[in-house]
Amino acid sequence: MKRRNYIQAIVLAAVVSTIPGAWAQGPGAWPDKPIKFVLSQPPGSGPDNVARLLGDKLSRSLGQPIVIENKPGGQNVIGAQAAAQAAPDGYTFYFATTAALVSNKYLFKTLPYDAQKDFTPVAFVAKSPFAVLVKAESPIQSMQDLIARSKAQPGTLALANEGGRTFGGIIARLINARTKMQVNLVGYTSVGVAVQDVIGGHADAVVADLASTAQLVRQGRLRLLAVTSAKRVPGWESVPALSELLPGFEMVGWFAVVAPAGTPAAAVQRLNKEINALLADTELVQRMTTMGPLAEALGTPRQLATFLGAEHERWGSVAKEIGLLPE
């Protein structure tokens, strides 16, 4: 009898092993194939650099490659739509920015995706401070100096940004409104073009993310006047935060990983756990800080959902303050 039971157990195991996905559905089986991270930005951008750093570490801890798929364009809409429409099988995630998950709602009357319904929160990754910068040789020495010069010469100074209806452009509008500066807000097709015009002396200052400009600062081509985070940024402690001049000011971008709605909870929880563990790794945190973003874990997917809700409320207030209307 024991021998018969033993043989039956072997036969049953053999049958189960032939059923597609049988083991994949078992606890702890995820992942059993490569995982894709969709990005709305091009290769070499700030978010792309962070995603690749995180992806490299995750591939080791998960035992599967993390494939980065860049889908830039349309102010994050192309990438966000592709991620929202991906199969919710636990193998496609969206490495999202503030624009895709929050601010686009206040810029566009209609979007081909619903950031609050089409995605499941997974894990917060980092905050990405923006900054006000001038070319290294500029006579403008501080934010106070920039404000004073703009008022002494109304309409003659140009504050560049990546476009009036982009995250950087909105920050520029908010800074202009709260400081009562009298500068020309000049929108460009991209932050890279805006930065190059400042370096070339065609614009006086630029509002740009620290992640995309940090290397130019280190190379001595740009100089930081202030950062848009609530406090000074680690590694850039000599640069004041705008909140020191404008109490309560904080406008930072951020990166978060989300999944198409309906993604299995086991995959969401596991990836959340792995990302949070990596964000506690000193080496990774230091490398990310060198790039510009500040690594920060928020905890559970539910806590990320709460954060996203608060961001929508904050952006609603900012939109009213600067008269931002969706188009």
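Numbering-wise, the sequence shown is residues -24 to -1, 1 to 303 according to mature numbering (1 follows the signal peptide of the UniProt record, and there is no 0). Backbone N, C-alpha and C define an ideal beta-carbon position, used for all residues, glycine too. Values in this document were obtained by computation on a predicted structure and should not be read as measured data.
Can you tell me which residues form a DSSP beta bridge with residue i?
i           : result
Y82         : Per DSSP, none; premise fails for Y82.
A27         : Partner(s): none; A27 has no beta bridge.
P230        : Before going further, note that residue 230 is Trp rather than Pro in the sequence given. Paired residues: K103.
T282        : Answer is none; T282 lacks a bridge partner.
P97         : V234
residue 310 : In the structure as shown, the chain begins at -24 and stops at 303. Residue 310 is therefore absent and cannot be evaluated.
T73         : F231
T68         : K12
A217        : V203
V182        : L109, A136
Can you give the Cα-Cα distance for residue i and residue j, rounded to whole angstroms?
i           : j    : result
Q120        : L133 : 14 angstroms
I147        : G238 : 34 angstroms
N25         : F13  : 13 angstroms
E297        : R36  : 46 angstroms
V43         : F95  : 19 angstroms
T155        : P10  : 49 angstroms
K249        : L29  : 17 angstroms
A253        : R263 : 15 angstroms
G168        : A5   : 43 angstroms
Q92         : V261 : 29 angstroms
I123        : V244 : 46 angstroms
G268        : A128 : 33 angstroms
K33         : V193 : 27 angstroms
Q51         : D185 : 15 angstroms
D173        : G55  : 28 angstroms
residue 308 : F106 : The structure shown does not extend to residue 308, since the chain is modelled only from -24 to 303, so the question has no answer here.
T258        : S114 : 36 angstroms
H178        : T142 : 21 angstroms
F84         : G145 : 15 angstroms
Between which two residues does the beta strand (DSSP E) carrying residue i extend?
i    : result
R199 : 198 to 203
K156 : From DSSP, K156 is part of no beta strand (DSSP E); its letter is neither H nor E.
E259 : Run containing E259: none in the beta strand (DSSP E); it sits in the alpha helix (DSSP H), 258 to 267.
A190 : Unbroken run through A190 is the alpha helix (DSSP H), 186 to 194; no beta strand (DSSP E).
A136 : 134 to 137
Taking C-alpha atoms, which residue in the options lies nearest to residue i?
i           : options                : result
residue 386 : A243, S205, A59, R199  : The requested residue 386 does not occur in the structure, where the chain is confined to residues -24 to 303.
Q57         : A217, S16, L83, Q129   : S16
V294        : K85, I151, A232        : I151
P277        : V98, D185, L34         : V98
L38         : P7, N52, L254, A27     : P7
S188        : S104, L254, M227       : S104
W291        : I54, G196, A76         : A76
K47         : A235, P41, Y70         : Y70
V180        : G224, V78, I116        : Reading the sequence as shown, one finds Asp at residue 180 and not Val. Checked all of G224, V78, I116; the closest Cα to D180 is I116.
P223        : S205, A62, P236, R125  : S205
M157        : G145, S126, L135, G177 : S126
S21         : S166, V159, G145       : S166
V182        : A190, Q191, G176, V171 : V171
A241        : P18, Y67, K81, Q40     : Y67
Hey, residue i and residue j are a contact pair by Cβ (cut 8 angstroms); roughly how many whole angstroms apart?
i    : j    : result
A72  : A271 : About 16 angstroms; that fails the 8 angstroms criterion.
G131 : G163 : Between G163 and G131 the Cβ distance is about 16 angstroms, and since that is not below 8 angstroms, they are no contact.
P216 : T265 : Incorrect: roughly 18 angstroms between the Cβ atoms, too far for contact.
A256 : F100 : Not really, about 13 angstroms apart at Cβ, beyond 8 angstroms.
Which stretch, first to last residue, makes up the alpha helix (DSSP H) that contains residue i?
i    : result
E250 : 241 to 254
A59  : 53 to 60
T276 : Looking at the DSSP string, T276 is not in any alpha helix (DSSP H), and its letter there is neither H nor E.
A128 : 119 to 128
Could you check if residue i belongs to the surroundings of the ligand GTP, using beta carbon to heavy atom distance under 8 angstroms?
i   : result
A75 : You won't find the ligand GTP in this model; it holds no ligand whatsoever.
Does any residue of chain B have a CB that is nearer than 9 angstroms to the CB of residue i?
i   : result
P19 : As a matter of chain content, chain B is missing from the structure shown, which is built from one protein chain.
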